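Asker: Can you read through this structure? Questions will come right after.
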Amino acid sequence: MLVLADANLRLDANAIDYIELAFYFVLVLGIGYLARRQVSSSLDFFLSGRSLPAWVTGLAFISANLGAVEVMGMSANGAQYGLPTFHYFWIGAIPAMLFLGIVMMPFYYGSKVRSVPEFMRRRFGKPAHLVNGISFASAQILIAGANLFLLASVVNLLLGWPLWVSIIIAAAIVLSYTALGGLSAAIYNEVLQFFVIVIALVPLTIIGLVKVGGWQGLVDKVTNSPGGTAQLHSWPGDNLTGFGNNILSILGIVFGLGFVLSFGYWTTNFVEVQRAMASKSMSAARRTPIIGAFPKMLVPFIVIIPGMIAAVTVSEYVKDKQVLLDGGTAESGVTFNNALLLLMRDLLPNGMLGIAIAGLLASFMAGMAANLSSFNTVFTYDIWQTYVKKDKPDHYYLSLGRVVTSAGTILAIGTAFIASNSGNILNYLQDLFSFFNAPLFATFILGMFWKRMTPHAGWSGLVLGTASAVTVWGLSQAGVIGLSGQGTSFVAAGTAFVVDIAVSVVVSLATKPKPDEELVGLVYSLTPKETRQHDTTGENAGWYRKPGLLAGIVLILTIALNAIF
Amino acid sequence: MATESGTQPKKAGAFDIRLIIALLIGVYGVILTVMGIGFTSAEEIAKAANVNINLWAGLGMLVVAALFIVWAVVRPLVVPAEPESADTPPAAGE
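Keeping their order, the protein sequence lines are chains A and B.
Residues 0 to 564 in numbering that gives the first Met the number 0 are what the first sequence spells out, letter by letter.
Residues 0 to 93 in numbering that gives the first Met the number 0 are what the second sequence spells out, letter by letter.
This is the structure we're talking about:
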């Protein structure tokens, strides 16, 4: 993003816009203060005392993922690839979210573990736990730093503030509410953030559509622009995967993106699972990802469509879209990552502009808060309490949590400054960290359904699975495997999944499994049916609170959307 | 009830996030509506595809804010004293 400094992205924000922005931050800090009064134990701080209603955790569930990387990245993909970007939502998220709610949540919530790595420890013992805990904690710091750096560079582009000013201010705000109110403050702010993003992007999408002459106008304009009709159908999505063959492309999307990558991300990433763990009952925990799936289905319409509109209306893209599609550099200095910002610049008057900026900043900060609030939990419970200081009173871990949150913020600021000096390092590292998820999912799913799987299989599958993904990625970077687009990560993740399963099975057959009684509540066949089921009385009664039925509705709607687009 | 968690009374949720959402969207709605009626220049309207987006978005936000207030009033937040018991009254949005 640094090379873009000469692109003309400066917005004419005036006093009204700044007042709107300031009002948002006052409420953000206010939520931190209010949530602070409810924190009296470490469980309150790290898991909101397992007390939140399902609609709150459900919105937080998708909000934690709807960071600015997602909002700006997906509108960039919309500008570059068009409708095939929908796959990231409908294929790459919804099925995995339903699977988490229906199949996996009973084990996560029912076993009363406080984190995903803790589940790992109970199921596979310490080596697998350490691998998982440390890789997760370091990934969170890195991603928090990436969020911070991107926020600062966007503020720099839009408003002209120096990078370090926005890095420090944003970090201070996020730190004050997460350290005060813990996970509750983070979650409530995620809910607020969700609505700010929606009220910022819905009007932008609507006037964008008016400008291009409605849906038909957009279709005509995209057809006549570089990229053409391939951008108007989500399938087969060759332009997205980079596979030159329809069948391979569909397979790549379904198995690479839809199965391995997305199941890995949504079902084992503690940032997400933590939100469900914070809900107040098994029923609410299972509904969390399923309720989140409803807005998740619709978010692409206010993210991808503006990207596509930008690509055919913003003068810089009209001039240079072909150059950018060919991988060149536009004369004006813009890239597809600027799509949303350019559309805001072109369409929004003062007033609406301030809300749009608030929405963008909200998404950066909520993303970072989500990283910090899961980092402090894993560090405190899984690393410190498990390996360093075991039997301290609860208030010790509560205050440690606050200290760890502050330390995490300082590390993230450091990461952000490193990134501002050497931009690409961050991209590479994020690629690498994304490879931890695919083998993790393989290990989890095998471990949940195959009681014979042994502790040694747990860690060796993870290590070798990750190593194989890194190898595929490295070969691709070196040009040995010729794949472009997103194809590389699909193949790398797929390889990791297969290698993990193969290694786990072989090692399991050669080593000694844990005794059955230690696996109760963790493995399907050893968990009594009643503890896997949720209560259906009182506030969990009613057809509209049945996880299975809700999941069915989501599935039907998703299939319908895929058929239409 | 084997699936319920925790034994201590929980207070998280004692402030109502729906009212904070309503406050934010409501204030934004008022600002935008006023801007749309009196302070959005013809030039700015032309820029936004001849739509007075401040006015329309402002009115839309006022409606959304009102809906959140109605929801919060109709289904008020109840802090369960004993989260253990199965007959806990419904909480926000449940």
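Every residue gets a Cβ at the ideal spot worked out from N, C-alpha and C, and that includes glycine.
All figures in this text were calculated on a predicted structure; none of them were measured in a lab.
From the DSSP output, in three-state form, read off A/LEU342 for me.
Answerer: A/LEU342: helix per DSSP, three-state reduction.
Asker: Checking 8 angstroms against the spacing of the C-beta atoms, do A/ILE186 and A/SER39 come in under that value?
Answerer: Going by C-beta atoms, A/ILE186 is not nearer than 8 angstroms to A/SER39.
Asker: Between which two residues does the alpha helix (DSSP H) holding A/TYR80 run?
Answerer: Note, A/TYR80: alpha helix (DSSP H), 67-80.
Asker: Below 7 angstroms CB to CB, which residues in the same chain sit around B/LEU27 once its five sequence neighbours on both sides are set aside?
Answerer: Note that residue 27 of chain B is Tyr in the sequence shown here, rather than Leu. If we look at B/TYR27 and ignore the five residues flanking it on each side, its Cβ neighbours are MET60.
Asker: Taking Cβ positions, are A/SER114 and A/VAL403 nearer each other than 8 angstroms?
Answerer: Going by C-beta atoms, A/SER114 is not nearer than 8 angstroms to A/VAL403.
Asker: Looking at A/PHE118: is its Cβ nearer than 8 angstroms to the Cβ of A/TYR108?
Answerer: No, Cβ-Cβ distance for A/PHE118 and A/TYR108 is not below 8 angstroms.
Asker: At a CB-CB cut-off below 7 angstroms, which residues of chain B make contact with A/TYR107?
Answerer: Per Cβ cutoff of 7 angstroms: no residues; A/TYR107 is ~12 angstroms from chain B at best.
Asker: Does any residue of chain B bring its CB to less than 8 angstroms from the CB of A/MET447?
Answerer: Not an interface residue.
Asker: Rank B/PHE67, B/VAL29, B/TRP55 by C-alpha distance to the C-alpha of A/LEU191 and give the top, closest one.
Answerer: Closest by alpha carbon: B/PHE67.
Asker: Using a Cβ-Cβ cut-off of 8 angstroms, state whether A/GLU19 counts as contacting chain B.
Answerer: With 8 angstroms as the cut-off, A/GLU19 counts as an interface residue toward chain B.
Asker: According to DSSP, is A/ASP16 part of a helix, a strand, or is it coil?
Answerer: Helix, per DSSP.
Asker: Confirm, please, whether the CB-CB distance from A/THR379 to A/GLY400 is below 8 angstroms.
Answerer: The answer is yes: Cβ separation under 8 angstroms.
Asker: Between A/ALA341 and B/VAL33, what straight-line distance do the alpha-carbon atoms span, to the nearest angstrom?
Answerer: Strictly speaking, residue 341 of chain A in this sequence is Leu, with Ala absent from that position. Cα-Cα distance, rounded: 26 angstroms.
Asker: Just to confirm before moving on: does the CB-CB distance between A/ILE356 and A/LEU157 stay below 8 angstroms?
Answerer: Yes; because the gap between Cβ atoms is below 8 angstroms, this pair is in contact.
Asker: With DSSP as the reference, label A/SER224 as helix, strand or coil.
Answerer: DSSP places A/SER224 in coil when its eight states are reduced to three.
Asker: In the DSSP assignment, what are the bridge partners of A/SER278?
Answerer: Beta-bridge pairing links A/SER278 to A/LEU51.
Asker: How far does the alpha helix (DSSP H) with A/ILE101 in it reach, from first residue to last?
Answerer: Looking at the DSSP string, A/ILE101 is not in any alpha helix (DSSP H), and its letter there is neither H nor E.
Asker: Got a sec: is the Cβ-Cβ distance from A/TYR187 to anything in chain B below 8 angstroms?
Answerer: So yes, A/TYR187 belongs to the interface.
Asker: If A/GLY635 sits next to A/LEU260, beta carbons under 8 angstroms apart, how far is it from one beta carbon to the other, in whole angstroms?
Answerer: In the structure as shown, chain A begins at 0 and stops at 564. Residue 635 of chain A is therefore absent and cannot be evaluated.
Asker: Going by beta-carbon coordinates alone, are A/LEU101 and A/GLY541 separated by less than 8 angstroms?
Answerer: First, the residue type needs correcting, since residue 101 of chain A is Ile and not Leu in the sequence shown. No. Outside cutoff.
Asker: Under a three-way DSSP split, which group does A/LYS125 fall into?
Answerer: DSSP places A/LYS125 in helix when its eight states are reduced to three.
Asker: Does DSSP put A/ALA329 in a helix, in a strand, or in coil?
Answerer: Of the three classes helix, strand and coil, the one that applies to A/ALA329 here is coil, per DSSP.
Asker: Which residues, taken in chain order from the stretch 18-32 of chain B, show a beta carbon closer than 8 angstroms to some beta carbon of chain A?
Answerer: Under the 8 angstroms Cβ criterion, the stretch 18-32 of chain B contributes ILE19, ILE20, LEU22, LEU23, ILE24, VAL26, TYR27, ILE30, LEU31.
Asker: Around the C-beta of A/ALA415, are 16 or more other C-beta atoms found within 10 angstroms, so that it is buried, or is it exposed?
Answerer: Counting Cβ neighbours within 10 Å, A/ALA415 comes out buried, since at least 16 surround it.
Asker: Is DSSP giving A/MET452 helix, strand or coil here?
Answerer: The answer is coil: DSSP assigns A/MET452 none of H, G, I, E or B.
Asker: Could you confirm whether any beta carbon from chain A is found closer than 8 angstroms to the beta carbon of B/VAL73?
Answerer: So no, B/VAL73 is outside the interface.
Asker: Does A/SER152 pass the burial test, meaning 16 or more other C-beta atoms within 10 Å, or should it be called exposed?
Answerer: Looking at its Cβ environment, which holds 16 or more other Cβ atoms inside 10 Å, A/SER152 is buried.
Asker: Please list the terminal residues of the continuous alpha helix (DSSP H) segment that includes A/GLY207.
Answerer: Taken as a continuous stretch (DSSP letters only), the alpha helix (DSSP H) holding A/GLY207 covers 162-211.
Asker: A/ILE206 touches chain B at which residues, Cβ-Cβ below 7 angstroms?
Answerer: ALA47, ALA48, VAL50, ILE52, listed in chain order.
Asker: Could you tell me the alpha carbon to alpha carbon distance between A/PHE135 and A/THR177, rounded to whole angstroms?
Answerer: Looking at the two C-alpha atoms, the distance is approximately 19 angstroms.
Asker: At which residues does the alpha helix (DSSP H) containing B/LYS46 begin and terminate?
Answerer: Here the alpha helix (DSSP H) through B/LYS46 covers 41-46.
Asker: Return the first residue and the last residue of the alpha helix (DSSP H) that B/ARG74 is part of.
Answerer: From DSSP, B/ARG74 is part of no alpha helix (DSSP H); its letter is neither H nor E.
Asker: Are A/ALA292 and A/LEU97 close, meaning C-beta to C-beta below 8 angstroms?
Answerer: Against a cut-off of 8 angstroms, the Cβ pair of A/LEU97 and A/ALA292 comes out as a contact.
Asker: Smallest Cα separation from A/PHE374: which of A/LEU339, A/ALA411, A/PRO348?
Answerer: Closest by alpha carbon: A/ALA411.
Asker: Please tell me whether A/PRO194 has its Cβ less than 8 angstroms away from any Cβ of chain B.
Answerer: Correcting the residue type first, residue 194 of chain A is Phe in the shown sequence and not Pro. Taking Cβ atoms only, chain B reaches closer than 8 angstroms to A/PHE194, which makes this a yes.
Asker: Can you check whether the C-beta of A/PHE22 is within less than 8 angstroms of a C-beta belonging to chain B?
Answerer: Closer than 8 angstroms: yes.
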